[in-house]
Amino acid sequence: MAVSFQLVIDCADPEPLARFWAAALGYELEPPPDGFASWDAYWRDVGVPEDELGTGADCIVDPGGRGPRIWFQVVPERKAVKNRLHLDIGVSGGRAVPIEARRQRVDAEASRLADLGAVLIGVLNTEGLDHYAVAMEDPEGNEFDIN
Amino acid sequence: MTSVRQIQVTFDCAEPERVARFWCEVLGYVVPPPPEGFATWDDSGRALPPEHQGSASACTDPSGAGPRLFFQRVPEGKVVKNRLHLDVRAGTGLAGEERLAALEAECARLAALGAVRVRLLPADGGNESCLVMQDIEGNEFCLD
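Going down the list, the protein sequences come from chains B and H.
In case it helps, the working numbering puts the first sequence at residues 34 to 180.
In case it helps, the working numbering puts the second sequence at residues 6 to 149.
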């Protein structure tokens with residue numbers, strides 16, 4: 034039995050980033066606990082001071098309960114260098130799928146995410162290697178790949 | 006409605022195989038079997054050009070539930086705190102002293118494998134306690 038984990042992504046403004054990644058991954062904003070209309074209502078109830086409220090929704094979850102929860106954590110510092118950890122989104126179906134079909138699936142996903150606010154950085158397509166991926170950045174500049 | 010996407014977490018590193026083995030120990034993951042036609046990953050690696058040998062490794066959840074982790078060799082070292090990290094669920098469902106004991110025990114196990122204990126963040130009003138660590142190449146992670 035593997036140990037489960039959640040992913041934590043540092044950010045400046047959690048809710049827009051949470052909404053981007055929910056739309057990208059087919060996740061949903063984590064609803065507040067039962068009996069609370071909002072996360073602020075819940076945090077106020079457990080005693081979090083008023084000046085720490087107002088971050089909005091900052092967690093996303095897989096509605097199927099399978100993939101890891103992702104928490105967008107507010108930090109004071111801005112992104113300074115290329116992230117050393119990044120997410121890869123798999124849409125191609127893997128090497129059993131012909132490369133041309135994979136390319137079309139990856140490009141279609143890149144186009145969908147660009148419409149949501151991601152930026153295309155480049156195509157990763159080494160001559161002679163049976164691999165096609167694109168590199169993008171999310172709305173706060175975090176690198177990710179689609180393959 | 007978008008279907009749920011399959012994700013993988015990629016780590017930039019200096020020594021991919023070593024870091025992959027460490028994370029196998031943290032998560033109960035396994036290194037996947039080598040490609041067809043090869044008895045070991047070393048054998049398959051030797052079929053690659055020298056510059057690609059040892060350049061990547063991976064580990065997967067044997068149950069298939071958790072995302073694959075991929076480790077790729079990069080020339081640059083780590084310079085700042087990572088903006089993306091894993092919170093490893095070592096104390097789920099536990100509170101107070103019992104939770105602290107579970108986190109410290111897991112910390113001791115991972116420290117023996119080369120991880121570094123950074124600090125304990127005690128429970129506050131809204132959050133349970135959490136123990137910050139670094140893996141064998143300095144990547145931050147939490148036990149929570």
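Ideal Cβ positions, reconstructed from N, Cα and C, are used throughout, including at glycine.
Residues of chain B whose Cβ lies closer than 9 Å to the Cβ of Ile141 of chain H do not exist, since the nearest Cβ in that chain is about 14 Å away. Shortest Cα-Cα distance from Asp129 of chain H to any of B:Ala70, B:Glu110 and B:Glu85 involves B:Glu85. Taking a contact to require three or more Cβ pairs closer than 8 Å, the region 137 to 151 of chain B and the region 48 to 67 of chain B qualify as touching.
In this structure the region 21 to 30 of chain H does not touch the region 123 to 136 of chain B; the number of beta carbon pairs closer than 8 Å is below three. Under the DSSP assignment, Asp78 of chain B falls outside any beta strand (DSSP E), being part of the alpha helix (DSSP H) whose first and last residues are Trp72 to Asp78. For the pair Gly68 of chain B and Gly98 of chain H, the Cα-to-Cα distance works out to about 21 Å.
Residues of chain B with a Cβ closer than 8 Å to the Cβ of Thr15 of chain H are, in chain order, Leu118, His119, Leu120, Asp121 and Asp178. Only buried fits Gly96 of chain H, as 16 or more other CB atoms lie within 10 angstroms of its CB. Boundaries for Gln58 of chain H: no alpha helix (DSSP H) harbours it, and the DSSP string shows neither H nor E there. Proximity of Gln11 of chain H to chain B, defined by a Cβ-Cβ separation below 8 Å, is satisfied. Distance from the Cα of Ile154 of chain B is smallest, within the candidate group B:Glu170, B:Val139 and B:Glu142, for B:Glu170. Residue-level contact check: Ser68 of chain H touches chain B, since one or more beta carbons of chain B fall below 8 Å from its beta carbon.
Setting aside the 5 residues that flank it on each side, Asp48 of chain H is surrounded in the same chain by Pro39, each with a C-beta closer than 8 Å to its C-beta; the list follows chain order. The alpha-carbon separation between Val94 of chain B and Glu81 of chain H amounts to approximately 33 Å. Between Tyr165 of chain B and chain H, the shortest Cβ-Cβ separation is not below 8 Å. Ranked by Cα distance from Phe177 of chain B, the options H:Thr15, H:Gln11 and H:Thr7 are led by H:Thr15. In summary, Pro72 of chain H is buried, with 16 or more beta-carbon neighbours lying within 10 Å of its beta-carbon over all protein chains present. Closer than 8 Å to the CB of Gln39 of chain B there is at least one CB belonging to chain H. Annotation: Asp66 of chain H to Ser37 of chain B spans about 10 Å, alpha carbon to alpha carbon. Listed along chain B, no residue sits closer than 9 Å to Ser49 of chain H by beta-carbon distance, the nearest being about 15 Å off.
With 16 or more other CB atoms across the displayed protein chains lying within 10 angstroms of its CB, Pro47 of chain B is buried.
Here the C-alpha atom of Leu53 of chain H lies approximately 11 Å from the C-alpha atom of Trp46 of chain H. Cβ contact annotation for Arg111 of chain B (same chain, cutoff 8 Å, sequence separation greater than five): Ala45, in chain order. Per DSSP, the beta bridge partners of Cys18 of chain H are H:Arg78. Interface flag for Arg122 of chain H against chain B is unset, since no Cβ pair is found closer than 8 Å. When the Cα atoms are used, Cys64 of chain H and Gly119 of chain H turn out to be separated by approximately 18 Å.
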